[in-house]
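Accompanying notes for the structure given below.
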Amino acid sequence: MNKKIMLVDDSTFMRHTLSQILTKNDYTVIAEASNGVEALELYRKVQPDLVTLDITMPEMNGIAALEAIMAEDPAARIIMVSAIGQTSFIKQALSAGARDFIVKPFKEEQVLQAINRCFET
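Take the sequence shown: its position 27, counting from 1, is numbered 25 in our numbering, and each next residue is one higher.
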């Protein structure tokens, strides 16, 4: 079964990089958002199997978006994407319901391992 993934990051480059990794490995990127407000609206519309969610974004950061999505769908699978040095945000995200995290800069194998762990639970 092909899993549908939504990418949320204010960096077009990061979304493109993740999209390439995922599509090359038989995942379908069904939506992309550049901030938390767009992410919440798109999540409601497309109901992805998994979301990669950047922490630092304009309008609504990743933690606020995570909390909003989890409030509406406690079964949501969300992987946080963070820069090195955002340890306190990662802990906050995991306690708010994120399933895993990826630290930038990342390697393809790290992305795939995190995604596979999310679909195993």
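Backbone N, C-alpha and C define an ideal beta-carbon position, used for all residues, glycine too. Treat the numbers as computed from the prediction; the structure is a model and nothing was measured.
Taking the continuous beta strand (DSSP E) assigned at residue i, which residues delimit it?
i, result
"Ala31", "26 to 31"
"Phe99", "98 to 102"
According to DSSP, is residue i part of a helix, a strand, or is it coil?
i, result
"Ala81", "strand"
"Asn21", "Before going further, note that residue 21 is Thr rather than Asn in the sequence given. The answer is helix: DSSP assigns Thr21 an H, G or I state."
"Ile53", "coil"
"Met68", "helix"
"Lys2", "strand"
Hey, out of the options, whose CA is closest to residue i's CA?
i, options, result
"Val27", "Glu107, Val6, Ala94", "Val6"
"Val101", "Met12, Asn114, Ala69, Met58", "Met12"
"Lys43", "Ile67, Arg115, Met58, Asn0", "Ile67"
"Phe104", "Asp52, Gly60, Asn59, Gly34", "Asp52"
"Asn59", "Asn114, Asp8, Asp24", "Asp8"
"Met115", "Ala94, Ile77, Ala81", "Before going further, note that residue 115 is Arg rather than Met in the sequence given. Checking every option, the nearest Cα to that of Arg115 belongs to Ile77."
"Glu30", "Ala62, Val49, Val79, Asn23", "Val49"
"Ser80", "Ala73, Ile61, Ala69", "Ile61"
"Phe117", "Lys22, Thr85, Ser17, Ala74", "Ala74"
Assuming residue i is part of the alpha helix (DSSP H), what are its boundary residues?
i, result
"Arg75", "Premise fails: Arg75 is in no alpha helix (DSSP H) and is neither H nor E."
"Ala112", "106 to 118"
"Gly34", "34 to 44"
If residue i and residue j are in contact, beta carbons under 8 Å, what's the gap, nearest whole angstrom?
i, j, result
"Asp47", "Lys2", "5 Å"
"Glu57", "Asn33", "4 Å"
Cβ contact (3+ pairs, closer than 8 Å) linking the stretch 84 to 95 and the stretch 108 to 117: no
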